[in-house]
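>
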Amino acid sequence: MSFICRFAPSPTGPLHIGGVRTALFNWLLAKKNKGKYYLRIEDTDKVRSKEEFKKQIISSLAWLGIKHDGEEYIQSKNIEKHVAIAEELLKKGFAYKCYCSEEEINQQKEKCKKQGIPYVYNRKWRDAEDLKVPNDVQPVIRFKSKISGNTVIKDLVQGDRNISNSTIEDFVILRKDKSPTYQLSATVDDHEMKISHIIRGDDHMINSFKQKQIYEAMKWEVPEFAHIPLIHSENGKKLSKRDNASTLEDYIKIGIMPDALRNYLLRLGWSYKDKEIFSKQESIDLFNLEGVGKSPSKLDMSRIYSINETYIKTIDENELFKYLKEYALNYQKPFDQSKEMTILKSLGFLKNKAKTLHDIWKNSQYIIRNKIDIGSEEKKLINQLSTKIIGDFISQYEKLDKPSRENLELIIKSLINNYKTNFKNVGQPLRIGLIGSKFGPGIYDIILSLNKDEVIKRLKDLL
RNA sequence: GGUCCCAUCGUCUAUCGGUUAGGACACAUGGUUUUCAUCCAUGAAAGAGGGGUUCGAUUCCCCUUGGGACCGCCA
């Protein structure tokens, strides 16, 4: 059996985290089964579709490492075909022209609202040979949904889903301006692209019942369906654009790495035994639809941070630096070239205190900045004793040929002895002088990561 | 409101009739450590409720409760 999957976003906004997961699952299933994964841009909403969103979606997916096969498919380029199918359905008696004006429909909706009953189109023009066709109304074409019987979808995630056909209204497939609607376009394109598995959010369940009827009317082979549960925000509702971490960009901005997000999204609603960390290859090998749960899952930021932290600590440092550089370039300031080597060499300890690229970037600021700003809290900690200690430290440090952890340790120990004090009273003033904060990397790491002149200069500034 | 669906620690989940209900994140405590962290150890934490079926139910069925999705000439 061949696996041809697709992800079909509409370019009406930035890519949503739920959409990212849908794309991921489609891609994973296609790759696992050596099939194809296509990207289709559903831009038939002429008003809301924007070129910039299309570009953003494509680049977001590229950032995550989800590459589609072939060129991206632009739905609007196939409109003529969609219209032709609408005409064909009309000719074959599976669709009909509806001359209800928008006012008429709105009136009906109002009426239903008043009576407190749900609105369903009344199928007025379904079998209307004797109705007089108004000449001031452009008709829409509606699909003639089945009135009796049931439709069953053998959903690969949800199991058998059964719905009474009477609950499906005669949906519009061609608007009054002769443009196709989603139900039609998506179905025609899925058929033309020979999509074998449609994996999409659970919010499309009803659409699948509608679209299945179109497949059957056209005598097309019906694809397999899998409706994956939606991702809910931390307060349990469907994720909306208002949630502050809902677009991919939101995560990139705070310094989440692509593999970490991929891993998080994979494990959200899917599991494989007790395994938590999956390399890209492992996720392809191990992914399956059977492991996808049926209930929606809530987004958990602390989990995202935690997985990101794991990746920061385990990936190759050159690769990590690549991500860090990109992050700095896009969301902070590009690194000064002369500082790059120092940062790369210091990554070993900078990354130990970081959950995000932003944290690493923050930790590396003392290397980047030439002038150290000392916080007001920290200034209070610099007293007579500490300036004396720093002074002593400088004179001993200056004499060192080549500073090393060992000889630095000797100096610090002698200072502790001479001043009959503890490490804290020696280390803290030094840290404040060198990085401006009492929090930060280990003092030896700091000193060794900076030039000897720079260390002396910074410490003298403190005196 | 109508239709459909879901239900194990706070969160993501394991269990596919017999388990001291397991793991991970978060949380708490202790230890290591030169600060903050890391790291290590330990702990607290769950089968929504009620009926069945069964020798035995978290697991199968029904009801209740709670939660969700859909209900556009948007996609």
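Residues in the first sequence are numbered from -12 upward in steps of one, following this note's numbering. Ideal Cβ positions, reconstructed from N, Cα and C, are used throughout, including at glycine.
Look at the alpha carbon of L316 and the alpha carbon of K309, and state the distance between them as a whole number of angstroms.
Here residue 316 refers to the residue found at position 329 of the first sequence. Here residue 309 refers to the residue found at position 322 of the first sequence. Roughly 11 Å separates the two Cα atoms.
> Between P428 and N350, which are expected to be in contact by the criterion C-beta below 8 Å, what is the C-beta distance as a whole number of angstroms?
One-based indexing of the first sequence puts residue 428 at position 441. One-based indexing of the first sequence puts residue 350 at position 363. Correct: roughly 7 Å between the Cβ atoms.
> If we count the other Cβ atoms within 10 Å of its Cβ and call it buried at 16 or more, is D177 buried or exposed?
Taking the first residue of the first sequence as 1, we reach residue 177 at position 190. By the 10 Å Cβ count, D177 comes out buried.
> Cα-Cα, which of I398, D246 and G420 is closest to E385?
Translated into the one-based positions of the first sequence, residue 385 becomes position 398. Ranked by Cα distance from E385, the first of I398, D246 and G420 is I398.
> Do V144 and H219 have their C-beta atoms closer together than 7 Å?
As a working note, residue 144 is residue 157 in the first sequence. As a working note, residue 219 is residue 232 in the first sequence. Contact: no.
> Which of the three DSSP states is assigned to Y108 in this structure?
By one-based count along the first sequence, residue 108 stands at place 121. Correct three-state label for Y108: coil.
> Is it right to say F453 is buried, meaning 16 or more other beta carbons lie within 10 angstroms of its own, or is it exposed?
The requested residue 453 is not part of the displayed model; the chain covers only -12 to 450.
> With DSSP run on the structure shown, which of helix, strand or coil describes G188?
As a working note, residue 188 is residue 201 in the first sequence. Three-state result, G188: strand.
> Near R(-7), which residues of its chain fall below 6 Å by C-beta distance, leaving aside the five closest residues on each side in sequence?
Residue mapping note: residue -7 aligns to position 6 of the first sequence, counting from 1. Cβ neighbours of R(-7) beyond the five flanking positions: Y25, R27 and I182.
> Relative to the C-alpha of F81, which residue among P245, F380, Y251 and Q198 is closest?
Here residue 81 corresponds to residue number 94 of the first sequence, with the count starting at 1. The shortest Cα separation from F81 among P245, F380, Y251 and Q198 belongs to Q198.
> Curious, which full-length alpha helix (DSSP H) runs of at least 4 residues does the stretch 288 to 372 contain?
Counting only runs of 4 or more, we get 288 to 301, 304 to 318, 324 to 337, 344 to 350, 352 to 355 and 363 to 366.
> Taking 7 Å as the cut-off, decide whether the C-beta atoms of I419 and K411 are in contact.
Numbered from its first residue, the first sequence carries residue 419 at position 432. Numbered from its first residue, the first sequence carries residue 411 at position 424. Taking 7 Å as the Cβ cut-off, I419 and K411 do not qualify as a contacting pair.
> Give a yes or no on contact between the stretch 314 to 329 and the stretch 267 to 286, applying the rule of three or more CB pairs nearer than 8 Å.
They do not touch, by the three-pair rule.
> Do G188 and L217 have their beta-carbon atoms positioned less than 7 Å apart in this structure?
As a working mapping, residue 217 is identified with position 230 in the first sequence. As a working mapping, residue 188 is identified with position 201 in the first sequence. Yes, the Cβ-Cβ distance between L217 and G188 is below 7 Å.
> When DSSP labels each residue in this structure, what does E211 get in the three-state scheme?
Locating residue 211 in the first sequence gives position 224, where the first residue counts as 1. If DSSP states are grouped into helix, strand and coil, E211 belongs with the strands.
> Taking L368 and Q415 to be in contact with their CB atoms under 8 Å, please state how far apart those CB atoms are, rounded to whole angstroms.
Translated into the one-based positions of the first sequence, residue 368 becomes position 381. Translated into the one-based positions of the first sequence, residue 415 becomes position 428. Going by Cβ atoms, the distance from L368 to Q415 rounds to 6 Å, so yes, they are a contact pair.
> Considering only residues of the same chain and omitting the five flanking positions on each side of V120, which have a CB-CB separation below 7 Å?
One-based indexing of the first sequence puts residue 120 at position 133. Correct list, in chain order: Y86.
> To test your reading of the DSSP string, which unbroken beta strand (DSSP E) runs of 3 or more residues are found completely within the stretch 45 to 121?
You should have 82 to 85.
> Is the distance from the Cβ of I140 to the Cβ of S195 below 7 Å?
Position 153 of the first sequence, counted from the first residue, corresponds to residue 140. Position 208 of the first sequence, counted from the first residue, corresponds to residue 195. Taking 7 Å as the Cβ cut-off, I140 and S195 qualify as a contacting pair.
> Using DSSP's beta-bridge definition, name the partner residues of N137.
Position 150 of the first sequence holds residue 137. Looking at the DSSP assignment, N137 forms a beta bridge with S151.
> Measure the alpha-carbon distance for S363 versus G423 and round it to whole angstroms.
As a working note, residue 363 is residue 376 in the first sequence. As a working note, residue 423 is residue 436 in the first sequence. For S363 and G423, the distance between alpha carbons rounds to 10 Å.
> Would you tell me roughly how many angstroms separate the C-alpha atoms of K444 and T343, rounded to the nearest one?
Sequence index remark: in the first sequence, residue 444 carries index 457 (1-based). Sequence index remark: in the first sequence, residue 343 carries index 356 (1-based). Distance between the alpha carbons of K444 and T343 is about 31 Å.
> What would DSSP say about T174, mapped onto helix, strand or coil?
If you number the first sequence from 1, residue 174 lands on position 187. In the structure shown, T174 adopts helical secondary structure according to DSSP, grouped into three states.
> Measuring only the C-alpha atoms, how far is E203 from E211?
Numbered from its first residue, the first sequence carries residue 203 at position 216. Numbered from its first residue, the first sequence carries residue 211 at position 224. Their backbone Cα atoms lie some 14 Å apart in a straight line.
> Assign T374 to one of three DSSP states: helix, strand, or coil.
Reading the first sequence from its first residue, position 387 is the one you call residue 374. Residue state, collapsed to three classes: helix.
> Quick check: what's the CA-CA separation for G223 versus P1?
Stepping through the first sequence from its first residue, residue 223 is reached at position 236. Stepping through the first sequence from its first residue, residue 1 is reached at position 14. Cα-Cα distance, rounded: 22 Å.
> Ends of the alpha helix (DSSP H) at K400?
Walking along the first sequence from the start, residue 400 turns up at place 413. Looking at the DSSP string, the run of the alpha helix (DSSP H) that includes K400 is R392 to N405.
> Using 10 angstroms around the beta-carbon of I239, count the other beta-carbons present and answer buried if the total reaches 16, otherwise exposed.
Along the first sequence, read from residue 1 onward, the residue named residue 239 stands at position 252. Buried: at least 16 other Cβ atoms inside 10 Å.
> Among the residues of its own chain, which have a CB less than 6 Å from the CB of T408, if the five just before and after it don't count?
The sequence position of residue 408 within the first sequence is 421, counting from 1. Excluding sequence neighbours, T408 sits near nothing in its chain.
> Taking all protein chains shown into account, decide if M288 is buried (16 or more other Cβ within 10 angstroms of its Cβ) or exposed.
On the first sequence, residue 288 is found 301 positions in, with the first residue counted as 1. Exposed, since its Cβ has fewer than 16 Cβ neighbours within 10 Å.
> Assuming R445 is part of the alpha helix (DSSP H), what are its boundary residues?
Locating residue 445 in the first sequence gives position 458, where the first residue counts as 1. Element bounds for R445: K439 to L449.
> Is DSSP giving T234 helix, strand or coil here?
Position 247 of the first sequence, counting from 1, holds the residue named residue 234. Strand.
> Taking buried to mean at least 16 other C-beta atoms within 10 Å of its own C-beta, is T451 buried or exposed?
This structure gives no information on residue 451, because the portion of the chain shown stretches from -12 to 450.
> Please report the distance separating the alpha-carbon of L446 from that of S401.
Residue 446 sits at position 459 when you count from the first residue of the first sequence. Residue 401 sits at position 414 when you count from the first residue of the first sequence. Near 18 Å, if we compare the C-alpha coordinates of S401 and L446.
> So, for A(-5): in the same chain, excluding its five sequence neighbours on each side, which residues have a beta-carbon less than 6 Å away from its beta-carbon?
Within the first sequence, the letter at position 8 stands for residue -5. Hits under 6 Å: R27 and E29.
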